[in-house]
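Convert by adding 23 to the 1-based position in the first sequence; the result is the number in the numbering used here.
Glycine included, each C-beta is placed from N, C-alpha and C at the ideal position.
Note that this is a predicted model, so its numbers are computed, not measured.
Here is the structure we will look at, set down as C-alpha cells.
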Amino acid sequence: MPELPEVETTLRGIEPWLTQQTIDKLTIRQASLRWPVTSGLSNLVEGQTILAVRRRAKYLIIQLEHGSMLVHLGMSGSLRVVEPETELRKHDHIEMRMRNGAVLRYHDPRRFGCWLWSEGEHRQLSGLGPEPLSTGFDAERLYQLSRKRKVAVKPFIMDNNTVVGVGNIYASEALFRSGIRPGRSAGNISLKRYQVLTDHIKTVLQAAIVQGGTTLRDFVNGNGEPGYFQQTLAVYGRADQPCVSCGTLLKELRLGQRSSVFCPRCQR
DNA sequence: ACACTAACCTGCAAGC
DNA sequence: TGCTTGCAGGTTAGTG
24 MPELPEVETT LRGIEPWLTQ QTIDKLTIRQ ASLRWPVTSG LSNLVEGQTI LAVRRRAKYL
84 IIQLEHGSML VHLGMSGSLR VVEPETELRK HDHIEMRMRN GAVLRYHDPR RFGCWLWSEG
144 EHRQLSGLGP EPLSTGFDAE RLYQLSRKRK VAVKPFIMDN NTVVGVGNIY ASEALFRSGI
204 RPGRSAGNIS LKRYQVLTDH IKTVLQAAIV QGGTTLRDFV NGNGEPGYFQ QTLAVYGRAD
264 QPCVSCGTLL KELRLGQRSS VFCPRCQR
C-alpha cells in the first residue's frame with residue numbers, strides 16, 4: 024500500500040489530531056510486527072504529550088517530550104483517526120487514545136510494518152539517502168553513485184541508500200515518463216538522462232501527493248478517504264495493455280522479485 | 001563493495 | 001464449489 028505519497032498523505036491526515044495532544048492510553052493487541060513492539064511501551068508513553076509528527080522516508084516519527092515512536096506501514100499498513108466508538112476491525116493491532124478523545128488506529132494485515140520506541144536515534148533512520156523532493160536529491164547524485172554499477176536502474180532508484188521513498192509504483196511510472204527501460208544497467212545511463220529521470224521522480228511523487236496517493240486495494244488516508252492517483256498510472260499494473268503514448272502492448276519483467284511493467288517502444 | 005535471493009505474513013484472484 | 005498456486009505497496013538478513 025504505502026509509498027512515500029501515501030505515507031505523506033497519512034501524515035497530513037493524522038497530524039492535526041495528534042500534535043500538542045496528550046496520550047491517554049496506548050493499547051497493543053498484536054505485538055508481533057516486523058520487530059516486536061517495544062515491551063512496556065504503554066507505560067513509557069501514556070501521559071506524555073506529542074510535540075510533533077513528521078515523516079522521514081516512509082517512516083512516521085511521533086515525537087514525544089521524552090523519546091519518540093517510529094512507525095512504518097510495511098506493505099499493507101494504514102493509520103486512521105477514528106471516533107472512539109468505531110468498531111474494531113480484524114488486524115487493528117495498536118490503538119492510541121488521546122485525552123481530547125481522538126483515537127489513532129494502526130491496521131496492518133501482513134504485519135510487515137513496525138511500531139518502535141527509542142529515547143534517542145532510531146537505527147532504522149541511519150544510512151538513509153536523501154528525500155526525493157529535497158535539493159539533496161539530484162541527477163549528479165544518481166550519476167555518481169551509479170558509475171560502474173551493473174544493477175538495473177529500477178532497483179537502483181528503489182534502493183533507500185540511493186534515494187528514499189521511491190517504491191515499485193512510482194519507480195515504474197517515473198521510468199516510463201523518462202523513456203528509460205527498467206532493466207537497463209544503472210551504470211549505463213548518461214548524466215543527461217539522469218537529469219530527466221530525477222525531474223520525473225520528483226514530479227510524479229509530487230503529483231501523487233496532491234491527489235492523495237494511490238489507492239490500489241484499501242489505502243485510505245488518515246481520515247479514511249481514498250487516493251486518486253491510480254487513475255494516472257500509465258504502466259504499473261497494466262501489463263499486456265496498450266501503452267498510453269504509442270499503443271504498443273506493455274511488457275512485464277521481474278527485477279529483484281518486483282514486477283516491472285514498461286513500454287518496449289517508448290522505453291530504451 | 002556488490003549482486004542476488006529468501007524471508008517475514010495475510011488476503012485475494014486466477015486456474016484447475 | 002473447493003482446493004492450490006502465485007502475487008501484492010517494503011525492508012532486512014544472508015549467500016556467494
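Between the CA atoms of L49 and V68 - distance to the nearest angstrom: 8 Å
Is G159 closer than 7 Å to L56 when the C-beta atoms are compared? no
Which of helix, strand or coil DSSP assigns to V176: helix
Identify which residue in E275, E110 and G124 has its Cα closest to the Cα of V284. E275
Answer yes or no: do Q44 and M121 have a C-beta to C-beta separation smaller than 7 Å? yes
If I'm right that V76 touches L41 with Cβ under 8 Å, what's the distance once you round it to whole angstroms? 5 Å
How is A197 classed by DSSP in three states: helix, strand or coil? helix
Separation of L272 from A257, as counted between CA atoms: 12 Å
According to DSSP, simplified to helix, strand and coil, what is H145? coil
Leaving out five residues on either side along the sequence, give the residues of the same chain with a beta carbon under 7 Å from the beta carbon of S91. I84, I85 and S141
Would you list the residues sitting across from S208 in a DSSP beta bridge? A175
For the region 146-154 against the region 113-129, are there 3 or more C-beta pairs whose distance is under 8 Å? no
Buried or exposed for G36, please, with buried defined as at least 16 other CB atoms from any protein chain shown within 10 angstroms of its CB. buried
On the three-pair Cβ rule with 8 Å, is the region 204-212 touching the region 164-179? yes
According to DSSP, simplified to helix, strand and coil, what is H116? strand
Give the DSSP bridge partners of I73, in chain order. L87
Taking a contact to mean a Cβ-Cβ separation below 7 Å, would you say Q264 touches F252 in this structure? no
Would M98 be called buried (16 or more neighbouring beta carbons within 10 Å of its own) or exposed? exposed
Using DSSP's beta-bridge definition, name the partner residues of K274. F285
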